[in-house]
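Mapped onto full-length UniProt numbering, the consecutive letters of the sequence shown carry residue numbers 1 to 404.
Ideal Cβ placement from N, Cα and C applies to all residues, glycine included.
All values derive from a computational prediction rather than experimental measurement.
See structure below.
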Amino acid sequence: MFALVVQSSSAPTLQYHQLAYHLLTRVIGDYLESIELNRLQVDWNEHIANPTKKATSAIWACRRALGCTWGLRLRILHWMYTAIVRPVITYGATVWWPGTRTDKARKQLDKVQRLACLGITSAMGTAPSRAIEVLTGLPPLHLVIEHEAMRSAYRLTGLGHWIGDEQTTGHSTIWNKATKNCPVLLMLQDSVEPSIGPSPKLGIQIPSRDDWDNINNTICQNGIIWFTDGSKIGYKAGAGVYGKTTRTRLSFALGSYASVFQAEIYAILACGMEILKTAPKRRTIQICTDSQAALMAIESSKVKSQFVLDCKKILNDLASCNRVILTWVLGHSGVPGNEEADRLARVGSIGYPIGPEPILGVPYSMGVSTMKELLNKEFKKSWQEAPGINKLQKKLLVSFITSH
């Protein structure tokens, strides 16, 4: 590999404006330094220095609202740091996280977080940084930055926008580390590009709890009535569909990777497909579910889940020739149809799915929680390997927290 260095006497021009050479530029919030030809890699020192300065200024601004014995509650202070200050540093972490590998960068990051921890706990200035991080539940910043990079890579992979799976150097290696420690991230995701989905052609009703005291006011008397429900017992999920008018009973085993929300959506989807088999025309069809989250997802114009998108399409097909109503039912309150759907869902949750898992695709929340567990594991390891803290000091910290 050879690099051709061309020395030009004049700088390039753009629309008759001469461009100047700079050793540092800013691209969408990230500071990019000039690349040295003999190293062929980017140095992120300047980028790390700028956000840490901003974060330090923000922490000092927040500390004006508290003292050693007065001020905002600890919960509010903790939230101010994690929701306002820390995102200033972690912005764009997917690109520049390799810069946190150096001791210089980690010292800068530790200095910022130590200042925040001292403000939250009102601890003495001589308190060990790792000890007050454990006390406040704040992992070291270099671990948080890697975690944010993993989350971004996982989200982009699900949307088909991540490039560089086989890279062995650079920022793309974060995906290799994530999948090595969290194999669930390699499974098919239940996600689509956020977009405006088809408008629902059906009606959605969410009656009050008092309305369910008289069931005749909420259930259509001359319609085709269906009840759906989702359940998860332990690590296994299931869905149930009950046709009150047709006396149809269906149970579905959805495996150990489906969430309760996915089970609720799948139950409505399966119900719609079952009704379409009979090809009804000009009928009133009422589907009752006890999940308001599922109803709001179907009603929303923005779609991020593949199963929600499929469910909306099926319901719209059904509503093209019929009057379809989705109704929220009060769960576990003695409504006969809902109780039967709940029983069928529990039957499905204790069964075994047909086919390889995941049956419905891994929800994004499960991948995030798996990466969160990895972060906590690395946080615990950093505490156990922290230099300068002996066993007696750790014992005193545990005794202080537990009051024993």
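Can we say the segment 82-98 touches the segment 120-129, given the rule of at least three CB pairs closer than 8 Å? Three or more Cβ pairs closer than 8 Å define a contact, and the segment 82-98 falls short of that threshold against the segment 120-129.
My parser needs the beta strand (DSSP E) runs of 3 or more residues fully inside the segment 304-348; what are they? 323-328
Between Thr-327 and chain D, is the shortest Cβ-Cβ distance under 8 Å, so that the two count as touching? Here chain D cannot be found, since the structure has a single protein chain.
Which same chain residues, not among the five before or five after Asp-310, have their C-beta less than 7 Å away from its C-beta? Residues Leu-269 of the same chain have their beta carbon placed closer than 7 Å to that of Asp-310, with the five preceding and five following residues left out of the count.
Residues in the same chain with beta-carbon distance under 6 Å from Gly-351, minus the five sequence neighbours each way, listed in chain order, please. Sequence-distant partners of Gly-351 (beyond 5 residues in either direction) whose C-beta falls short of 6 Å from its own C-beta, in its chain, are Ala-253.
Apart from the five residues on each side of it in sequence, which residues of its chain come closer than 6 Å, Cβ to Cβ, to Gly-158? Gln-189, Ser-191
Exposed or buried, what is Gln-108 when buried is set at 16 or more other beta-carbons lying within 10 Å of its beta-carbon? buried
Determine the contact status of Leu-115 and Ile-59, defining contact as a CB-CB distance below 8 Å. yes
Grouping DSSP H, G and I as helix and E and B as strand, with all else coil, what is Ser-57? helix
Straight-line Cα distance separating Ser-305 from Ala-386: 42 Å
Per DSSP, the bridge partner or partners of Asp-210: Its beta-bridge partners do not exist; DSSP assigns none.
Would you kindly work out how many angstroms separate the C-alpha atoms of Trp-175 and Thr-248, rounded to a whole number? 46 Å
When you compare only the Cα positions, how much space is there between Asp-103 and Val-112? When rounded, the distance between both Cα atoms is 14 Å.
Please specify which runs of the beta strand (DSSP E), each continuous and at least 3 residues long, are wholly inside the segment 169-205, giving them in chain order. DSSP assignment within the segment 169-205 yields the following whole beta strand (DSSP E) runs of 3 residues or more, N-terminal first: 203-205.
Determine which residues share a DSSP beta bridge with Phe-227 and list them. DSSP, once it has assigned bridges, lists Tyr-242, Cys-288 as partnering Phe-227.
Go ahead and pull the three-state DSSP assignment for Ile-219. In the structure shown, Ile-219 falls within a coil segment according to DSSP collapsed to helix, strand and coil.
Nearest neighbour of Ile-285, chosen from Ser-291, Leu-276, Gln-292, Ala-293 [CA to CA]: Leu-276
Straight-line CA distance for Ile-325 to Asp-210? 20 Å
Quickly, what does DSSP pair Leu-250 with across the bridge? List them, please. Note: Leu-250 sits in a beta bridge opposite Val-241.
Taking the C-alpha atoms as reference points, what is the distance between Gly-223 and Gln-205? 15 Å
Do residue 408 and Gly-334 have their C-beta atoms closer together than 8 Å? Nothing can be reported for residue 408: it is not among the residues displayed for the chain, which extend from 1 to 404.
If we ignore side chains and look at the alpha-carbon of each, how far apart do Met-150 and Cys-220 end up? Computed Cα separation, rounded: 49 Å.
To the nearest angstrom, how far is the alpha carbon of Val-88 from that of Val-95? 15 Å
Helix, strand or coil: how does DSSP classify Glu-385 here? In the structure shown, Glu-385 sits in coil (DSSP, three-state: anything other than H, G, I, E or B).
From Glu-193, Asp-110, Asn-181, Ala-297, pick the residue whose C-alpha is nearest to that of Glu-264; which is it? Ala-297
Just verifying my parser: in three-state terms, what is the DSSP assignment at Ile-350? coil
Going by DSSP, what residue range makes up the alpha helix (DSSP H) through Tyr-154? 141-158
On the premise that Pro-139 lies in contact with Phe-379, defined as a C-beta separation below 8 Å, what is that separation, rounded to the nearest angstrom? Their Cβ separation, rounded to whole angstroms, is 4 Å, which keeps Phe-379 and Pro-139 in contact under 8 Å.
Contacting residues, own chain, Cβ-Cβ under 6 Å from Ile-359 (five flanking each side not counted): Excluding sequence neighbours, Ile-359 sits near Leu-254, Gly-255, Pro-353.
Would you tell me roughly how many angstroms separate the C-alpha atoms of residue 445 and Gly-272, rounded to the nearest one? Coverage of the chain is limited to positions 1 through 404, which leaves residue 445 absent and any answer about it impossible.
List the endpoints of the continuous alpha helix (DSSP H) containing Thr-94. Going by DSSP, Thr-94 is part of the alpha helix (DSSP H) stretching over 93-96.
For Ile-233, does the three-state DSSP call read helix, strand or coil? strand
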